[in-house]
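Sequence lines, in order, name chains A and B.
Residues in the first sequence are numbered from 1 upward in steps of one, following the UniProt record's numbering.
Residues in the second sequence are numbered from 1 upward in steps of one, following the UniProt record's numbering.
There are 2 protein chains.
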Amino acid sequence: MSVLPVTVVAHLTAIATTALVLVWLLKLRGGLAWNAQPPASFKVFNVHPLVMVIGFVLVAGEGIMAYKTIGGRRRVRKASHLALHLIALFAGVFGVVVVFRYRHQIEAQHMITLHSWLGIITVASFALQFVLGAAFYMFRGAQMSAKASYLPWHIFVGSIIFLMAVGTALTGIVRQFAILGLGNDQEGHIVNSIGLLLVLFAATVGLTVVLPYEK
Amino acid sequence: MSVLPVTVVAHLTAIATTALVLVWLLKLRGGLAWNAQPPASFKVFNVHPLVMVIGFVLVAGEGIMAYKTIGGRRRVRKASHLALHLIALFAGVFGVVVVFRYRHQIEAQHMITLHSWLGIITVASFALQFVLGAAFYMFRGAQMSAKASYLPWHIFVGSIIFLMAVGTALTGIVRQFAILGLGNDQEGHIVNSIGLLLVLFAATVGLTVVLPYEK
Numbered sequence: 001m002s003v004l005p006v007t008v009v010a011h012l013t014a015i016a017t018t019a020l021v022l023v024w025l026l027k028l029r030g031g032l033a034w035n036a037q038p039p040a041s042f043k044v045f046n047v048h049p050l051v052m053v054i055g056f057v058l059v060a061g062e063g064i065m066a067y068k069t070i071g072g073r074r075r076v077r078k079a080s081h082l083a084l085h086l087i088a089l090f091a092g093v094f095g096v097v098v099v100f101r102y103r104h105q106i107e108a109q110h111m112i113t114l115h116s117w118l119g120i121i122t123v124a125s126f127a128l129q130f131v132l133g134a135a136f137y138m139f140r141g142a143q144m145s146a147k148a149s150y151l152p153w154h155i156f157v158g159s160i161i162f163l164m165a166v167g168t169a170l171t172g173i174v175r176q177f178a179i180l181g182l183g184n185d186q187e188g189h190i191v192n193s194i195g196l197l198l199v200l201f202a203a204t205v206g207l208t209v210v211l212p213y214e215k
Numbered sequence: 001m002s003v004l005p006v007t008v009v010a011h012l013t014a015i016a017t018t019a020l021v022l023v024w025l026l027k028l029r030g031g032l033a034w035n036a037q038p039p040a041s042f043k044v045f046n047v048h049p050l051v052m053v054i055g056f057v058l059v060a061g062e063g064i065m066a067y068k069t070i071g072g073r074r075r076v077r078k079a080s081h082l083a084l085h086l087i088a089l090f091a092g093v094f095g096v097v098v099v100f101r102y103r104h105q106i107e108a109q110h111m112i113t114l115h116s117w118l119g120i121i122t123v124a125s126f127a128l129q130f131v132l133g134a135a136f137y138m139f140r141g142a143q144m145s146a147k148a149s150y151l152p153w154h155i156f157v158g159s160i161i162f163l164m165a166v167g168t169a170l171t172g173i174v175r176q177f178a179i180l181g182l183g184n185d186q187e188g189h190i191v192n193s194i195g196l197l198l199v200l201f202a203a204t205v206g207l208t209v210v211l212p213y214e215k
């Protein structure tokens, strides 16, 4: 099977997810702000799902797929993989900072839910995986044999971390659904659809990892 | 790397998860019942996380690992794989029936949350995957070439469905955490730990799929 149609579905899923997240946060949830004070603190919170879904999960997924989606020389694909994961890492750390800032502002406790536990573990693992990947594959010092024997681990552990990011996003969606008191209504359907699209995105990204690259 | 230590960690994780689920539901949540009436309906609900985590997710994971964990002839491993997935399928369908029965009893709407959407899709996909797997690999009629070309799809789609089951369980945990009003307390830590253990179980099951079988 060719990898091309799978990556097309993945990109279209990412675009649809981005559109729904923007509609949800900008149109239905009152938009974004960095310096909003109570009672408008929810605008600070809104930055969290925005950067986590779009900047962390979707960009990391595109980074994983870069080896299969980007034509041209190997070093171009490698540089794209690195650059997209660097963006995802910044987004992931920023997304954590934003939600700590929000919860400090509304004087809520930190790190209570499974969502927060999974999120911290995922972002920390992502950072570690990034550093190890850079150490093995960016510097010419690393021996070819070491690079080769680390590669399957880099791919497997990276896939697990990406799937943990998606799983964490799903728990965040269910949590917000409960907190906002959503139900069988338009906003509820939009929020649930973001979750389903993320599952489809994860499945297509996983399939591009498994399928071979064709020129 | 040998598959043995990975499967040992997987089994230990499954045992620890089972223990925490039993402590949670039997000791902290008032136990199980099939015929309880309001206000004891929560005992009917309690059957849902029990059969879903232990009977569906953990047994399905053990079924996936059967090809790598069970010694002896290939047909023994194959029969174990089939039998464990049959148990998981019954548990998954029963778990859906139980929660519909519960929500009917408390007169709540059905199929509102992302958890319910993901759950129905996962159990239905599991059933379809089971029927297709049985059709290809149980009957001698199927040609060897058809079996061989279906195998990578059986493994990939099966892995995705298993990961969806774990993701659905995580959303269910976060939802119950919110509904029960749990926090930074003993029950909250137990419930969150069940989620973390399921993620570790999924990672180890995934690793056994990737690692080769050794006699």
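Glycine residues also receive a C-beta, built at the ideal position from the N, C-alpha and C atoms.
These numbers were taken from a predicted model, which means no experiment stands behind them.
Contact belief for residue i with residue j at Cβ below 8 Å, rounded distance in angstroms
i: Thr13 of chain B; j: Leu211 of chain B; result: Actually they are not in contact, since the Cβ atoms of Thr13 of chain B and Leu211 of chain B sit about 16 Å apart, beyond 8 Å.
i: Phe136 of chain B; j: Ala146 of chain B; result: 7 Å
i: Ile70 of chain B; j: Val209 of chain B; result: About 15 Å separates the two Cβ atoms, so there is no contact after all.
i: His81 of chain A; j: Phe130 of chain A; result: Not really, about 11 Å apart at Cβ, beyond 8 Å.
i: Thr122 of chain B; j: Thr168 of chain B; result: 5 Å
i: Ala33 of chain A; j: Val44 of chain A; result: 6 Å
i: Leu114 of chain B; j: Asn192 of chain A; result: 4 Å
i: Arg175 of chain A; j: Ala79 of chain B; result: The Cβ separation is near 41 Å, so there is no contact.
i: Leu163 of chain A; j: Leu26 of chain B; result: Wrong, their Cβ atoms sit about 31 Å apart, outside the cutoff.
i: Gly61 of chain B; j: Ala10 of chain B; result: 7 Å
i: Ser116 of chain B; j: Ile161 of chain B; result: The pair is not a contact, with the Cβ atoms about 17 Å apart (cut-off 8 Å).
Any chain B beta carbon closer than 8 Å to residue i
i: Leu207 of chain A; result: yes
i: Ile106 of chain A; result: no
i: Gly30 of chain A; result: no
i: Leu132 of chain A; result: no
i: Val174 of chain A; result: yes
i: Thr17 of chain A; result: no
i: Gly183 of chain A; result: yes
i: Thr171 of chain A; result: yes
i: Met52 of chain A; result: no
i: Ala14 of chain A; result: no
i: Leu20 of chain A; result: no
Opening and closing residue of the alpha helix (DSSP H) in which residue i lies
i: Glu62 of chain A; result: Val59 to Thr69
i: Asn192 of chain B; result: Gln186 to Val210
i: Ile87 of chain A; result: Arg74 to Gln105
i: Pro152 of chain B; result: Met144 to Ile179
i: Leu118 of chain B; result: Leu114 to Tyr137
i: Leu22 of chain B; result: Leu4 to Leu22
Close beta carbons around residue i, own chain, < 8 Å, minus the five adjacent residues each side
i: Leu170 of chain B; result: Gly195, Leu198 and Val199
i: Val6 of chain B; result: Thr204, Leu207, Thr208 and Leu211
i: Gln37 of chain A; result: Gln105
i: Val96 of chain A; result: Gly119, Ile120 and Val123
i: Ile190 of chain B; result: Leu20, Val23, Trp24 and Leu28
i: Ile155 of chain A; result: Val209
i: Val166 of chain B; result: Val57, Leu198, Val199, Phe201 and Ala202
is_contact[residue i, chain A] using C-beta, thresh 8 Å
i: Trp117 of chain B; result: yes
i: Leu84 of chain B; result: no
i: Val199 of chain B; result: yes
i: Ala127 of chain B; result: no
i: Val210 of chain B; result: yes
i: Ile64 of chain B; result: no
i: Phe156 of chain B; result: yes
i: Ile120 of chain B; result: no
i: Val123 of chain B; result: no
i: Phe45 of chain B; result: no
i: Ala40 of chain B; result: no
i: Leu25 of chain B; result: no
i: Gln186 of chain B; result: no
i: Met144 of chain B; result: no
Cut-off 6 Å between Cβ atoms - residues of its own chain near residue i, not counting five sequence neighbours on either side
i: Ala142 of chain A; result: Phe136
i: Ile106 of chain B; result: Ser41
i: Ala91 of chain A; result: Val51, Gly55 and Phe56
i: Ile87 of chain A; result: Val59
i: Asn46 of chain B; result: Leu25, Arg29 and Leu32
Cβ-based neighbour list, residue i, same chain, cut-off 7 Å, excluding 5 preceding and 5 following
i: Val17 of chain B; result: A small fix is needed here, since residue 17 of chain B is Thr in this sequence, not Val. Only Val53, Leu58, Ile194, Leu197, Leu198 and Phe201 meet the Cβ criterion.
i: Val101 of chain B; result: In the sequence under discussion, the amino acid at residue 101 of chain B is Arg, which differs from the Val named in the question. Closer than 7 Å at Cβ, skipping near neighbours: Val44.
Q: Ignoring anything shorter than 4 residues or poking outside the stretch 28-58 of chain A, list the alpha helix (DSSP H) runs there in chain order.
A: 42-50
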